[in-house]
Amino acid sequence: MDLYTPDEFYIKDYRFVPYLTRDEIAERVTAMGQQLSTRFEDKTPIFVGILNGAFMFMSDLIREVKVPLEIDFWKLSSYGDEKVSTGDVSEIKAIDANIADRHLILVEDIVDTGLSMQYMRRQLQSHAPASVTTITLLHKKEATRYEVKLDYVGFEIENRFVIGYGLDFAQQGRNLPHIYIRDENQ
Ligand code: IMP
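Reminder that position 58 of the sequence shown reads as 581 in this note's numbering, one-by-one numbering, no gaps.
Shown next as structure tokens:
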């Protein structure tokens, strides 16, 4: 297969270099899918992908979960074209499913400050789901300042900006199969 895997990638003069390969990601996704398969057997969970960034992780993850399940998507406000969080979260697209008494699995691409994850957990409380489980492919532990409970983490990463595998900077870079990290020495 001929993959789109440049050795460096520029967005607005910022240089990004390969960080986690497609194979490394796939291996973790398979392992997490197996864990979820065991835990949610006979529960028909609803996987809720957080748009836009989690669409690729979500689609790979659910194919590694070998029990009946449903999917939905939730879209929150993003950083816009900036790299720094404004501290505000708002809802752009709600969850469509009736989630009362259902087992929910929130699927995030990355947890940075933890603000979005905290917002989501709080929003869900009033809808009385049977359980809420959180999974994120990436976690910038050093940057997390809001208290969040992350049940499954693909990779703990350093506090630098990353793109690829669904993640963007100024809406670009989502189609890269590897994850790239900002080169701060450029
Ligand atoms: P948090 O609310 O600060 O935890 O940020 C979560 C959201 O910020 C993620 O769902 C991403 O959309 C975005 N984000 C945070 N860090 C990065 C990054 O390094 N690359 C791309 N998006 C990021």
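Each residue gets a CB set at the ideal place from its N, CA and C atoms; glycine is no exception.
Query	Result
Ligand 1 and ILE658: does any heavy atom of the ligand fall closer than 7 Å to the residue's C-beta?	no
Using DSSP with H/G/I as helix, E/B as strand and the rest coil, what is LEU592?	coil
Give the single residue among VAL552, ILE686, PRO568 and PHE596 whose Cα lies nearest to the Cα of VAL655.	PRO568
What does the Cβ neighbour count give for LEU559, buried or exposed, with the cut at 16 atoms within 10 Å?	buried
Report all residues from its chain with a CB closer than 8 Å to the CB of LYS606; omit the five preceding and five following residues, and keep chain order.	With a pLDDT of 49 at LYS606, under the threshold of 50, the predicted position of this residue should be treated as unreliable, though the coordinate-derived value follows. Taken in chain order, the residues that qualify are PHE684 and PHE692.
What does the Cβ neighbour count give for ALA653, buried or exposed, with the cut at 16 atoms within 10 Å?	exposed
By the 10 Å Cβ neighbour count, where 16 or more other Cβ atoms means buried, how is TYR703 classified, buried or exposed?	buried
Can you tell me whether GLU681 is helix, strand or coil according to DSSP?	coil
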